[in-house]
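Counting from 1, position 390 in the sequence shown corresponds to residue 459 in my numbering; the numbering is continuous, with no gaps.
Glycine residues also receive a C-beta, built at the ideal position from the N, C-alpha and C atoms.
Every value quoted in this text rests on a predicted model; they were computed, and no experiment measured them.
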Amino acid sequence: MAHGEKSWEKRLAGGADDLAIDFVESLSYDRRLYKYDIVGSIAHAEMLAAQNLITRSEFGEIKKGLLEIADQIGTGRFTFDKRQEDIHMAVEAALIAKIGEPGKKLHTGRSRNDQVATDIRLWMRDQIEIIQTYISQLQLALVRKAEKHTEDILPVYTHLQRAQPATLASYLLSFTEMLARDWSRLKDCRKRLNVCPLGSGAAAGSTLPLDREMSAKLLGFEDITYNSIDAVSDRDFCAEFIFCCSLISAHLSRLAEDWILFASSEFAFIRIDDAYCTSSSMMPQKRNPDLLELIRGKTGSVYGALIGMLTILKAQPSAYNRDLQEDKLHVFSASDVIESCLRMARAIVEHTAFQTKKIADGLDEGFLDATAMAEYLVGRGVPFREAHGIVGSLVALCEKEGKKRLADLTIEQMRAACEKIENEVYSVLNPAGVCKNYKTLGAAGPENARAQIRYWKEKIKEQ
Ligand code: ARG
70 MAHGEKSWEK RLAGGADDLA IDFVESLSYD RRLYKYDIVG SIAHAEMLAA
120 QNLITRSEFG EIKKGLLEIA DQIGTGRFTF DKRQEDIHMA VEAALIAKIG
170 EPGKKLHTGR SRNDQVATDI RLWMRDQIEI IQTYISQLQL ALVRKAEKHT
220 EDILPVYTHL QRAQPATLAS YLLSFTEMLA RDWSRLKDCR KRLNVCPLGS
270 GAAAGSTLPL DREMSAKLLG FEDITYNSID AVSDRDFCAE FIFCCSLISA
320 HLSRLAEDWI LFASSEFAFI RIDDAYCTSS SMMPQKRNPD LLELIRGKTG
370 SVYGALIGML TILKAQPSAY NRDLQEDKLH VFSASDVIES CLRMARAIVE
420 HTAFQTKKIA DGLDEGFLDA TAMAEYLVGR GVPFREAHGI VGSLVALCEK
470 EGKKRLADLT IEQMRAACEK IENEVYSVLN PAGVCKNYKT LGAAGPENAR
520 AQIRYWKEKI KEQ
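And the structure:
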C-alpha cells in the first residue's frame, strides 16, 4: 500500500514509521471480529440506503462485496496488511479495491469508534452463548456423576479438617450451583451489553439523518445507546465479562484444588483416567494431575485480564482514546482461557472415578458424627451449648483411650458425661445414618441430593 492511499494520509505528511506501524496495529488480533465487522457494515449500509444517503443499488454492491470479503477471510484467501491498522480499515479498503466508488460511501456517518464498540458487543453476545453452553455441559457432567453417588458418603472438610458427612452427590452438585450463578451472571452481562452504539460517530454523533434504531434492530440489539460521548468509550461490559470469566475461573480452580488433593495417595478419593494424567520426566511412578493444576494456574491469567481491563478504564479521558484498543486483548484472552478450561473440566469430570470403597473405609476417622450427636442431645432437651461441650469431652475421651469412634464408647462412659443419653444413641452414631437424618432443605443428605438432581436435569435443559 503506497503512501496517500489511506484517507487520513492526506492529513499526515510522509509515511508512518515501521516501528509505529507495528506498535499501533490491532489487525493481528482484531481480525477475529471480521464477521461481526462485516455484518455491522451491512446493517449500516442498509440503513444508509433507507435514509437515501446511498442508493439501493450502491447498497447491493456494498453488501455483495462485503459478503465476498467475508468468504475470502473465512477461507483464508484474504491478504491482511498490517498497515491497515485494524480489521475495520482492512475490510473497508478491500471493499473499495473490489467495488470502487460505492465502497467509499460505506463509512458515511460512522467512525471506527462507534464501529469497534458495536463489533465487540456483537462478538461478545455470541461468545457468551458459547461459554454458557460449555457451562451447561459441565453442569450436566457433574449431575450425571452425582446420579451415581446419591448413597455414597464422603467427609466434608472445613479448614481442611473433617467436618460433617455428606453424600458424594451433594458435594458434586455444589459445583453445579456455582456454575449456575456463573451462567446467570453471563446472562445479565449479555442483557446490559445488548445496546447499539452505531451512529454515535467519533464522539458526538453525526449531522446526517441516520436511523439509529433501524441499524440496532437489524443487528438484533434490544435498544440503542443514548449518549454518544459515553457510547464510544463505554467498555464497562468488557470489564463485566472478564469479571464473569474470573468467577468461573475461581470456581474451576476450587474444583481443581479439591481434586488434586483427592488424587494424592494421602486421600486417594479419586482416580483420573490415564488419558487425563501426565507423568514425570524423571520419576517413573508418577501419575500427575497436571491438567487440574493448569486449570487452577490459568486463573492467574484471567484475573490478570480483569486487572488489565480495569486499569485501562481508570482515568480514561472522556470519549474515545486509543488505550481502548487494548480491551480486546484482555477480553479475548479471558474468553479463550475460560472456554478451554470449561471443556477440560468437563472431560476430567467425565473421566474420573470416585474410589467409594476407599472413602467409605476412612469414614470412621475424624468424628464426623459429633455434630449429629450434639443435635441428638438437643432432641433430649439439652441446650445446644451444653451438648457441644458434652460431645467435645467425649471426643477427648475417645482420643485419650485410643478409640476411633464415638460409638466405641460404652453407654456407661457416655452417661457419665450426660445422663440423658440412652442406648438408641448408637443408631445416630455413623456417617451414613447422619446423612439420612439431615432434615434441613439444602442439606447434604441423599434425599435432597436426589431432588436436586431432578431439578438440575430440568433446569439445565431450559437454560
Ligand atoms: N482499532 C481501534 C480499536 O480497537 C479502532 C478504533 C480506532 N479509532 C481511532 N480513532 N483511531 O479501538
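Please report the distance separating the alpha-carbon of residue 120 from that of residue 371. In the sequence shown, counting from the first residue as 1, residue 120 sits at position 51. In the sequence shown, counting from the first residue as 1, residue 371 sits at position 302. Looking at the two C-alpha atoms, the distance is approximately 44 Å.
Considering only heavy atoms of ligand 1 and the C-beta of each residue, which residues fall inside 7 Å, strictly closer? Contact residues of ligand 1 (beta-carbon closer than 7 Å to any heavy atom; chain order) are 95, 99, 154, 155, 157, 180, 181, 182, 185, 271, 389, 391, 393, 394 and 397.
Compare the C-alpha of residue 108 against each of 532, 477 and 161 and name the closest. Taking the sequence shown and counting its residues from 1, the one referred to as residue 108 is at position 39. Cα-wise, what sits closest to residue 108 is 161.
Exposed or buried, what is residue 263 when buried is set at 16 or more other beta-carbons lying within 10 Å of its beta-carbon? Sequence index remark: in the sequence shown, residue 263 carries index 194 (1-based). Per the 10 Å Cβ criterion, buried.
Looking at the strands, I want to know which residues DSSP matches up with residue 225. Translated into the one-based positions of the sequence shown, residue 225 becomes position 156. DSSP, once it has assigned bridges, lists 233 as partnering residue 225.
Could you check the C-alpha separation between residue 113 and residue 202 for me, to the nearest Å? Locating residue 113 in the sequence shown gives position 44, counting from the first residue. Locating residue 202 in the sequence shown gives position 133, counting from the first residue. Their Cα atoms are separated by approximately 30 Å.
Assigned secondary structure, residue 474 (DSSP; H/G/I helix, E/B strand, else coil): Here residue 474 refers to the residue found at position 405 when the sequence shown is read from its first residue. Residue 474 falls in the coil class under three-state DSSP.
According to DSSP, is residue 292 helix, strand or coil? Your numbering for residue 292 matches position 223 in the sequence shown. In the structure shown, residue 292 sits in a strand (DSSP, three-state: E or B).
Pairwise C-alpha distance: residue 147 and residue 140: By 1-based counting over the sequence shown, the position of residue 140 is 71. By 1-based counting over the sequence shown, the position of residue 147 is 78. Each residue's Cα considered, the two are about 9 Å apart.
Could you say which of 249, 111 and 158 lies nearest to residue 129 if we only look at CA atoms? Looking up residue 129 in the sequence shown gives position 60. The shortest C-alpha separation from residue 129 is found at 111.
Going by other Cβ atoms of all chains shown within 10 Å of its Cβ, with 16 needed for buried, is residue 443 buried or exposed? Counting from 1 along the sequence shown, the entry for residue 443 is found at position 374. Buried, by the Cβ-count rule.
Spell out the partners DSSP gives residue 347 in its beta bridges. Taking the first residue of the sequence shown as 1, we reach residue 347 at position 278. Answer by DSSP bridge pairing, in chain order: 357.
Same chain, Cβ closer than 7 Å to residue 197, neighbours up to 5 away in sequence not counted: One-based indexing of the sequence shown puts residue 197 at position 128. 255, 258 and 259, listed in sequence order.
Kindly list the residues whose CB is nearer than 7 Å to the CB of residue 385, restricted to its own chain and excluding five residues on each side of it in sequence; keep chain order. Taking the first residue of the sequence shown as position 1, residue 385 is located at position 316. Counting only Cβ-Cβ distances below 7 Å, and skipping sequence neighbours, we find 302 and 392.
Would you mind working out which of 244, 354, 222 and 433 sits nearest residue 498, comparing C-alpha positions? The residue you call residue 498 lines up with position 429 of the sequence shown. Per the Cα distances, 433.
What residue does the beta strand (DSSP E) around residue 340 start on, and which one ends it? Position 271 of the sequence shown, counted from the first residue, corresponds to residue 340. 339–341 is the span of the beta strand (DSSP E), which, as asked, contains residue 340.
May I have the straight-line CA-CA distance separating residue 476 from residue 209, to the nearest angstrom? Within the sequence shown, the letter at position 407 stands for residue 476. Within the sequence shown, the letter at position 140 stands for residue 209. Taking the straight line joining both Cα atoms gives about 39 Å.
Taking only three categories from DSSP, how would you classify residue 301? Counted from its first residue, the sequence shown places residue 301 at position 232. Correct three-state label for residue 301: coil.
Given a cut-off of 8 Å, decide if residue 231 and residue 309 are closer than it, judged by their beta-carbon atoms. Taking the sequence shown and counting its residues from 1, one reaches residue 309 at position 240. Taking the sequence shown and counting its residues from 1, one reaches residue 231 at position 162. No. Outside cutoff.
Nonlocal neighbours in the same chain, by C-beta distance under 6 Å from residue 178, ignoring five residues either side: Taking the sequence shown and counting its residues from 1, one reaches residue 178 at position 109. So the qualifying residues of the chain are 275, 277 and 279.
Sufficient close CB pairs (3 or more, under 8 Å) joining the segment 345–365 to the segment 313–332: yes
If residue 518 and residue 287 are in contact, beta carbons under 8 Å, what's the gap, nearest whole angstrom? The residue labelled residue 518 in the question sits at position 449 within the sequence shown. The residue labelled residue 287 in the question sits at position 218 within the sequence shown. The pair is not a contact, with the Cβ atoms about 48 Å apart (cut-off 8 Å).
Compare the beta carbon distance of residue 410 and residue 318 with 8 Å and say whether it is the shorter of the two. For the purposes of this step, residue 410 is taken as residue 341 along the sequence shown, with counting starting at 1. For the purposes of this step, residue 318 is taken as residue 249 along the sequence shown, with counting starting at 1. In this structure, the beta-carbon distance from residue 410 to residue 318 falls below 8 Å.
Within its chain, find whatever has a CB closer than 7 Å to the CB of residue 191; leave out the 5 residues flanking it on each side and keep chain order. Mapped onto the sequence shown, residue 191 falls at position 122. Here the set comprises 105, 108, 109 and 288.
Distance, residue 316 Cα to residue 174 Cα: Counting from one through the sequence shown, the residue named residue 174 turns up at place 105. Counting from one through the sequence shown, the residue named residue 316 turns up at place 247. So the alpha carbons of these two residues sit roughly 44 Å apart.
When DSSP labels each residue in this structure, what does residue 336 get in the three-state scheme? Residue numbering aside, residue 336 sits at position 267 when the sequence shown is read from its first letter. Residue state, collapsed to three classes: coil.
Let me confirm a value: residue 426 is counted as buried when at least 16 other C-beta atoms fall within 10 Å, else exposed. Which label applies? Against the sequence shown, residue 426 aligns to sequence position 357. Looking at its Cβ environment, which holds fewer than 16 other Cβ atoms inside 10 Å, residue 426 is exposed.
From residue 195 to residue 419, what does the alpha carbon distance come to, in whole angstroms? Here the question's residue 195 lines up with position 126 in the sequence shown. Here the question's residue 419 lines up with position 350 in the sequence shown. A straight-line Cα-Cα distance of about 26 Å links residue 195 and residue 419.
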